[in-house]
Every structure is written in C-alpha cells, then in structure tokens.
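Beneath this line is the structure, given in structure tokens, with notes to follow.
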Amino acid sequence: MPEYSFRVYVDGLPVLKYKSDVRVAQFLVPSLNNLSEHLEYQTKVAQIWQIHQERKMKFLIGFLNKTSDRAAVHVYQRKFTCELHENRTIGGYQEFALNENECIEHMKLYLALITTDLKKKVKPKVKISSSESGSGTKLHCWVYGFYPRDVEVKWIKNGRDEIYSEESAEILPNPDGTYQIRVSVEVTPEEGATYSCHVDHSSLENPLVTFGECLCVKSSTIQTIKRVKSTHFFKTPWL
Numbered sequence: 006m007p008e009y010s011f012r013v014y015v016d017g018l019p020v021l022k023y024k025s026d027v028r029v030a031q032f033l034v035p036s037l038n039n040l041s042e043h044l045e046y047q048t049k050v051a052q053i054w055q056i057h058q059e060r061k062m063k064f065l066i067g068f069l070n071k072t073s074d075r076a077a078v079h080v081y082q083r084k085f086t087c088e089l090h091e092n093r094t095i096g097g098y099q100e101f102a103l104n105e106n107e108c109i110e111h112m113k114l115y116l117a118l119i120t121t122d123l124k125k126k127v128k129p130k131v132k133i134s135s136s137e138s139g140s141g142t143k144l145h146c147w148v149y150g151f152y153p154r155d156v157e158v159k160w161i162k163n164g165r166d167e168i169y170s171e172e173s174a175e176i177l178p179n180p181d182g183t184y185q186i187r188v189s190v191e192v193t194p195e196e197g198a199t200y201s202c203h204v205d206h207s208s209l210e211n212p213l214v215t216f217g218e219c220l221c222v223k224s225s226t227i228q229t230i231k232r233v234k235s236t237h238f239f240k241t242p243w244l
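Residue numbers (this note's numbering): 6 to 244.
Written out as structure tokens, the structure is:
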C-alpha cells in the first residue's frame, strides 16, 4: 500500500488517481485522456500535497508513538468537496480555504466528457452472515460491487417490521469504482420469525426480488431479499 494516495470523484465516479509509489496522476476514465495539460497540473498538485502530508505524518507519528499502541495501523485522510447545483450555484467544504473556483472549474471540465460514464449502472451483490453476540445474534448484510453510490439497505423482520441498527453504516469505495456497505443488526431469535435484508438501488428499471441462501439462527431463518428500484440519485440532473 502506498504511503500517500490522491483520488478525485465526480458524482461518485472515480476519474483520477495519484499514488506516492508512482508519483504521476492517472485518469481512470478513458474519455479524459486528451486532457494532458490538466493531468500534468494534477500531478504537480498531488506532489505538493504529498509533501504536506509527509510533514503532517512526521508530527502524527511522533504523537501516536507517545499516546497509542505502536503496532496499531493508523490512516490519515483529508477530504475536499465542491458542489455544482442544478441552478448553477456552487458550494463546497474542506478543512481550509478553496483555491478560488478551481475545484468547480475542474468539475465542469470533467462533466463535459464523462456524461456516459456517469450514467452507467452496476447491480449490487448481496451476502449475509450471522455471529453470536453477548445478548443475542448479530446479523450482517454485506452489499457490494454496485454503482452509482446511493443505496438503501435495511433489515426486515417477518416481511414487514424494520429492524433499526445502532451501528452507523458507511458507504465505502472499492478500487474498481464500485461501492460497498455492510449493515448489521442485533436480534433475539424467535420461533418462526424470519429476517431479511432489503436493498434498494437504481441499477434496474423494474423491481427485482432475489432470495438468497437461508441461514439458521437458532429457531429462526434469515433470508436475503434484493430489491432494485428505478430511481436516479445523480447530483447533476441536467446530464
């Protein structure tokens, strides 16, 4: 794993990456390959940020060596976001000031070339599992390999009652440009009760219901139901 990596997303689509072991920015979408000057610029920006990162890491390493387990793995991340709304207003946030309108200009440059890529859809895959906890049984629903990013995942008891999770579930990026999420809930199995994982995503025009392999939890049954709805979540609705 490289010590430093830099990745650019547009509406959840990865369009550019930089790794410290290569030290050259690379486009991840072929339709951007003609932007050679922009790629050189992004390489320089990433190299500058790598220097800043190395300085911060020296401080963090010294701090963590004094305050935490030296064998533990720590990840330092930084996020910069700019937004281009349907009414053409802009917004954004980061830990310190934006370089004028640079981020928005980059977004407009990419959007003109990646319209087709943004419209692609990849169906989610679903795996379920269970584990014993101190107070009952924990059910896990792992949904992975889907695009675009927006997805709804929930556990349902007896086909009608939603089970709310006390754990926060975060949608995480995969190296291939798709996404994954795991939703876990804790239940006390009951005789004759069924538990199903429901997934709503925009990758199919018509609803799809798929029953997966049943897993026994004491006297209860876990089922996987994958339901896909025709809903779009793009943040740039004029595309």
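Quick reminder that beta carbons are idealized off the backbone N, C-alpha and C, glycines included.
Report yes or no: is there a C-beta of chain D within less than 8 Å of the C-beta of Val158?
Going by chain labels, chain D is absent from the structure shown, which holds only one protein chain.
Checking the sheet assignment: what are the DSSP bridge partners for Lys22?
Taking the first residue of the sequence shown as position 1, residue 22 is located at position 17. Arg12 and Gln31.
Leaving out five residues before and five after Lys126 in sequence, what residues of the same chain have Cβ atoms less than 6 Å from its Cβ?
Taking the sequence shown and counting its residues from 1, the one referred to as residue 126 is at position 121. Result list for Lys126: Ser208, in chain order.
Would you kindly check if the distance between the Cβ of Val156 and the Cβ of Pro129 is under 8 Å?
Sequence index remark: in the sequence shown, residue 129 carries index 124 (1-based). Sequence index remark: in the sequence shown, residue 156 carries index 151 (1-based). Yes, the Cβ-Cβ distance between Pro129 and Val156 is below 8 Å.
Could you say if the segment 163-176 and the segment 186-196 meet the contact criterion of at least three C-beta pairs nearer than 8 Å?
yes
Buried versus exposed, by CB contacts within 10 Å (16 or more), Asp122
For the purposes of this step, residue 122 is taken as the residue at position 117 of the sequence shown. Buried is the call here.
Through-space distance from Asp181 to Ser135, alpha-carbon basis:
Locating residue 135 in the sequence shown gives position 130, counting from the first residue. Locating residue 181 in the sequence shown gives position 176, counting from the first residue. C-alpha separation (whole angstroms): 27 Å.
Do you know offhand how far Lys223's Cα is from Pro194's?
Position 218 of the sequence shown, counted from the first residue, corresponds to residue 223. Position 189 of the sequence shown, counted from the first residue, corresponds to residue 194. With a pLDDT of 45 at Lys223, under the threshold of 50, the predicted position of this residue should be treated as unreliable, though the coordinate-derived value follows. Straight-line Cα distance between these residues: approximately 7 Å.
Continuous alpha helix (DSSP H) stretch holding Asn123: start and end
Position 118 of the sequence shown, counted from the start, is the residue given in the question as residue 123. The residue you asked about is not Asn; residue 123 is Leu in the sequence shown. That run of the alpha helix (DSSP H) goes Thr120 to Leu123.
Is His206 buried or exposed, if buried means 16 or more other CB atoms sit within 10 Å of its CB?
Stepping through the sequence shown from its first residue, residue 206 is reached at position 201. When all chains shown are included, His206 counts as buried.
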